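Peer 1: Numbering follows my numbering, with no gaps: position 173 of the sequence shown is 176.
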Amino acid sequence: MYDTILVPTDGSDGAEAAARHGLNLATAFDSQIHLLSVVDERSYSSALADLNPSIGEQREVFEQQATEAVGRLEELFSDLSVTCHTAVEHGIPHEAIRSYIAEHDIDLVSMGTHGRTGLDRLLLGSVTERVVRTSDVPVLTTRHEPDDRSNYDRILIPTDGSESATPAVDHGIGIAEQFDATVHALSVIDTTAFAVAYDGGPGIQTLLDTLEEGCKQAVAEVEDACENHNLDVVTEVVRGTPYRTIQEYVDDEGIDLITMGTHGRTGLERYLIGSVTERIVRTSDVPVLTVR
Ligand code: ATP
Ligand code: MN
């Protein structure tokens with residue numbers, strides 16, 4: 004399913020954590036890994052050159068740093084039997100990453116939710132945000148510091164039953180097969196909108212019943228798909244606020260990996276990622292594979 008995995012690195016811990024997860028998948032899928040560091044050409048632009056005449060030297064320094072960043076990750080992989088390519092390019096990071104994906108037939112990207120700048124831990128890094136939003140291939144994002152977790156035993160597929168959730172189901176199942184994992188299908192009856200009027204009469208009860216029916220159908224579809232692949236599967240339908248409920252489920256059930264679509268039912272605008280996905284990617288303690 005994944006012959007080539009790209010790990011873009013800016014030399015940060017976030018990128019290193021992403022590299023380890025990339026390596027887990029590469030080992031399971033027998034994939035080749037590409038390590039790419041992009042020298043941000045805006046960092047030595049002509050505007051800066053006016054202030055600093057030695058901009059040519061700057062360029063060299065940045066290129067050196069990028070080379071070290073890919074070199075450090077390459078070293079991590081050196082004892083393992085994974086084929087590893089390295090590349091340093093000049094450009095605007097998210098654009099260069101996108102071109103690289105197209106040119107090298109990349110099947111999956113693994114990157115940190117934060118990079119070197121990472122000032123505000125509450126926001127998603129801008130490079131990652133753009134790649135997640137626009138990538139045609141799945142993107143695995145990792146927030147955490149590098150750890151030794153190398154197996155995925157419990158994979159969560161949150162679903163709202165929408166078309167946009169389907170590709171993520173296929174990837175979740177594909178990974179579960181390689182790791183012999185149990186799939187957890189979770190659908191949350193979104194009670195956010197009427198939290199106050201919760202017990203407010205028959206109208207609301209009817210609406211809740213309708214929503215619950217949709218959620219049950221959504222998890223049943225995942226359950227069927229898993230059974231077709233002889234995978235163990237657990238289903239759950241609960242009321243709550245989607246992102247918070249998903250997070251609680253991850254903690255309570257010891258989930259190792261989440262796969263979800265970049266858009267859901269609401270999916271207003273194609274160029275934004277869904278708000279539930281955005282929050283999960285930004286705050287999840289476990290890696291999240293987003294599929295557009
Ligand atoms: P900011 O949006 O302010 O730059 P940040 O540095 O915390 O915030 P990102 O730049 O999005 O966040 O970094 C997140 C991930 O994106 C990194 O872990 C790395 O995988 C990748 N990345 C970022 N910059 C580069 C780059 N220049 N070359 C290759 N990969 C990069
Ligand atoms: Mn950055």
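Built from N, CA and C at the ideal position, the CB exists for glycine as well.
Source: prediction; values computed, not measured.
#1: Taking 7 Å as the cut-off, is the C-beta of Val64 nearer than that to any heavy atom in ligand 1?
#2: State yes or no: is the C-beta of Glu148 within less than 8 Å of the C-beta of Asp16?
#3: Extract the residue ranges of the beta strand (DSSP E) inside the stretch 47 to 127, only unbroken runs of 3 or more that lie entirely within it.
#4: Report the three-state DSSP secondary structure of Pro141 (helix, strand or coil).
#5: Could you tell me which whole alpha helix (DSSP H) segments of length 4 or greater appear in the stretch 227 to 263?
#6: Which whole-angstrom value is the C-beta distance of Thr12 and Leu76, which I expect to be below 8 Å?
#7: Could you name the residues of the same chain whose beta carbon sits closer than 7 Å to that of Thr7, not counting the 5 residues immediately before and after it, in chain order?
#8: Under 8 Å between the Cβ atoms of Ser138 and Arg282?
#9: Alpha carbon to alpha carbon, how far is Thr116 from Leu292?
#10: Please classify Val64 as buried or exposed, where buried requires at least 16 other C-beta atoms within 10 Å of its C-beta.
#11: So which residues touch the region around ligand 2, with touch meaning a C-beta under 5 Å from any heavy atom?
#12: Tell me, to the nearest whole angstrom, how far the beta carbon of Gly14 is from that of Glu71; I am working on the premise that it is less than 8 Å.
#13: Leaving aside the five residues before and after Pro290 along the sequence, list all residues of the same chain whose C-beta is less than 6 Å from its C-beta, in chain order.
#14: Is Val73 closer than 8 Å to Val85 when the C-beta atoms are compared?
#15: Return the CA-CA distance between Val135 and Asp163, expressed in angstroms with no decimal places.
#16: Going by beta carbon distance, what residues of the same chain come within less than 7 Å of Gly243, once the five residues before and after it are set aside?
#17: Below 7 Å, is the gap between the Cβ of Asp13 and the nearest heavy atom of ligand 1?
#18: From the DSSP output, in three-state form, read off Ile36 for me.
#19: With distances taken Cα to Cα, identify the nearest neighbour of Pro141 among Val10, His93, Thr286 and Asn233.
#20: Could you have a look at Thr7 and say whether DSSP puts it in helix, strand or coil?
#21: Specify, as a first and last residue, the run of the alpha helix (DSSP H) that Ile176 falls within.
#22: I need the straight-line Cα distance from Glu166 to Arg133, nearest angstrom please.
#23: Can you name the residues that DSSP bridges to Leu26?
#24: Between which two residues does the alpha helix (DSSP H) harbouring Thr280 extend?
#25: When the Cα atoms are used, what is the spatial distance from Leu127 to Arg101?
#26: Taking DSSP as the reference, what is the three-state secondary structure of Leu275?
Peer 2: The structure says:
#1: Counting from 1 along the sequence shown, the entry for residue 64 is found at position 61. Taken from the Cβ of Val64, every heavy atom of ligand 1 lies 7 Å or farther away.
#2: On the sequence shown, residue 148 is found 145 positions in, with the first residue counted as 1. On the sequence shown, residue 16 is found 13 positions in, with the first residue counted as 1. Contact: yes.
#3: With a minimum length of 3 residues, the continuous beta strand (DSSP E) runs that stay inside the stretch 47 to 127 are 87 to 94 and 111 to 115.
#4: As a first step, residue 141 is located in the sequence shown; it is residue number 138 there, counting from the start. Under the three-state reduction of DSSP output, Pro141 falls in the coil class, being neither helix nor strand.
#5: Runs of the alpha helix (DSSP H) inside the stretch 227 to 263: 245 to 256.
#6: Taking the first residue of the sequence shown as 1, we reach residue 12 at position 9. Taking the first residue of the sequence shown as 1, we reach residue 76 at position 73. So it is a contact: roughly 6 Å between Cβ atoms.
#7: As a first step, residue 7 must be located in the sequence shown, where it is residue number 4. So the list reads Ser34, Gln35, His37, His107, Asp108, Ile109 and Asp110, once near-sequence residues are dropped.
#8: By one-based count along the sequence shown, residue 138 stands at place 135. By one-based count along the sequence shown, residue 282 stands at place 279. At the C-beta level, Ser138 and Arg282 stay beyond 8 Å of one another.
#9: On the sequence shown, position 113 is the one that residue 116 refers to. On the sequence shown, position 289 is the one that residue 292 refers to. Thr116 and Leu292: Cα-Cα distance of roughly 12 Å.
#10: Residue mapping note: residue 64 aligns to position 61 of the sequence shown, counting from 1. When all chains shown are included, Val64 counts as exposed.
#11: Those residues, listed in chain order, are Gly118 and Thr120.
#12: Working through the sequence shown from its first residue, we reach residue 14 at position 11. Working through the sequence shown from its first residue, we reach residue 71 at position 68. Taking C-beta atoms under 8 Å as the contact rule, Gly14 and Glu71 qualify, at a distance of about 7 Å.
#13: For this step, residue 290 is matched to residue 287 along the sequence shown. Counting only residues of its own chain and dropping the five nearest sequence neighbours on each side, Pro290 has a CB closer than 6 Å to the CB of His24, Leu143, Thr145 and Leu260.
#14: Your numbering for residue 85 matches position 82 in the sequence shown. Your numbering for residue 73 matches position 70 in the sequence shown. No. Outside cutoff.
#15: Here residue 135 is taken as the residue at index 132 of the sequence shown, counted from 1. Here residue 163 is taken as the residue at index 160 of the sequence shown, counted from 1. Between Val135 and Asp163, the C-alpha separation is close to 19 Å.
#16: The residue labelled residue 243 in the question sits at position 240 within the sequence shown. Around Gly243: Val191 and Thr194.
#17: As a first step, residue 13 is located in the sequence shown; it is residue number 10 there, counting from the start. For ligand 1, at least one heavy atom lies less than 7 Å from the Cβ of Asp13.
#18: Within the sequence shown, residue 36 is the residue found at index 33, counting from 1. Ile36: strand per DSSP, three-state reduction.
#19: One-based indexing of the sequence shown puts residue 141 at position 138. Distances from the CA of Pro141 to each of Val10, His93, Thr286 and Asn233 were compared; the closest alpha carbon is that of Val10.
#20: Your numbering for residue 7 matches position 4 in the sequence shown. Strand, per DSSP.
#21: As a position in the sequence shown, residue 176 is number 173, starting the count at 1. Where Ile176 is concerned, the enclosing alpha helix (DSSP H) starts and stops at Thr169 to Phe182.
#22: What you label residue 166 is simply residue 163 of the sequence shown in a count that begins at 1. What you label residue 133 is simply residue 130 of the sequence shown in a count that begins at 1. Going by the C-alpha atoms only, they are around 22 Å apart.
#23: Taking the first residue of the sequence shown as position 1, residue 26 is located at position 23. Per DSSP, none; premise fails for Leu26.
#24: Residue mapping note: residue 280 aligns to position 277 of the sequence shown, counting from 1. Per DSSP, Thr280 belongs to the alpha helix (DSSP H) from Ser278 to Thr286.
#25: Within the sequence shown, numbered from 1, the residue matching residue 127 stands at position 124. Within the sequence shown, numbered from 1, the residue matching residue 101 stands at position 98. Put simply, the backbone Cα of Leu127 is about 18 Å away from that of Arg101.
#26: Counting from 1 along the sequence shown, the entry for residue 275 is found at position 272. When secondary structure is reduced to three states using DSSP, Leu275 falls in the coil class, being assigned neither helix nor strand.
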